[in-house]
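To convert, count from 1 in the sequence shown and add 108; that's our numbering.
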Amino acid sequence: MKRAIFPGSFDPLTLGHYDIIMRGITLFDEIVISIGVNSEKNYMFTLEQRMEFISKAFAQEPKIQVRTYEGLTVDFCKKIEANFILRGLRNPGDFEFEKAIAHTNRKLSEIETVFLLTSSGKSYISSSIVRDVIRNNGDYTGLVPDTVRIS
Ligand code: ADP
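Here it is, written out as structure tokens:
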């Protein structure tokens with residue numbers, strides 16, 4: 109069973125994440141979208157909201173699960189028997205950041221990180237840009253899946 113985790117904050121889920129997950133599922137038997145819980149971070153959306161956006165977006169996809177975790181990503185991988193970490197790359201900044209993390213995770217474990225390049229037209233989308241648009245009452249709906257809505 110090839111199981112990968114796709115870790116992140118997902119504050120909120122964007123079409124950039126969605127694209128990487130839907131393309132990733134062609135490579136793995138199961139992807140566990142894993143929301144990292146960091147008590148020192150301030151989030152725009154609660155953990156419950158972030159989980160709901162994700163679980164509704166992938167409700168029709170039996171190969172995609174959603175979980176939360178605290179602590180090291182590699183420890184969570186071992187706990188749920190996932191041998192791969194899926195990550196998306198948008199730009200050289202992502203590459204440098206991800207390279208250090210992937211090397212560290214390799215040092216700590218046998219877990220391989222698999223990178224997918226962002227689709228053309230999605231590279232500018234990030235959760236922080238979506239939060240900025242929301243804060244300033246802009247139309248965020250073209251940047252996120254339909255399940256991400258502010259009530
Ligand atoms: P983090 O809290 O680790 O920054 P994010 O929720 O921002 O997590 O992102 C999780 C993963 O999704 C990362 O691998 C990131 O590179 C990837 N990602 C985010 N937006 C995009 C995008 N537009 N295209 C490709 N990958 C993306």
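Virtual Cβ for every residue (Gly too), placed ideally from N, Cα, C.
All values reported here derive from a predicted model rather than from experimental measurement.
Cβ atoms of residue j and residue i: under 7 Å apart, would you say?
i: Val174; j: Met152; result: no
i: Val140; j: Ile162; result: no
i: Phe166; j: Ile143; result: no
Excluding the 5 residues flanking residue i on each side, which residues of the same chain have their C-beta closer than 7 Å to its C-beta?
i: Val238; result: Pro120, Thr122, Tyr248, Leu251 and Val252
i: Ser62; result: Nothing in the structure corresponds to residue 62, since the chain is present only between 109 and 259.
i: Asn213; result: Thr181, Val182, Ile193, Ile219 and Thr221
i: Ala190; result: Arg111, Ala112, Ile113 and Val140
With a threshold of 6 Å on Cβ separation, who are the neighbours of residue i within its own chain once the five nearest residues in sequence on each side are excluded?
i: Met109; result: Asp137
i: Ile172; result: Ile139 and Phe166
Per DSSP, which one or two residues make a beta bridge with residue i?
i: Ile113; result: Val140 and Ile193
i: Glu220; result: Phe192
i: Leu225; result: Leu197
| message | Which complete beta strand (DSSP E) runs does the stretch 120-157 hold, if anything under 3 residues is left out? | response | List check, beta strand (DSSP E) in window: 138-144.
| message | At 4 residues or longer, what runs of the alpha helix (DSSP H) sit wholly inside the stretch 152-216? | response | Fully enclosed alpha helix (DSSP H) runs of 4 or longer: 155-165, 181-187 and 200-216.
| Counting Cβ pairs, one atom from each stretch, are 3 or more of them under 8 Å apart for the stretch 205-220 and the stretch 181-192? | When Cβ pairs closer than 8 Å are counted between the two stretches, the stretch 205-220 is seen to touch the stretch 181-192, the count reaching three or more.
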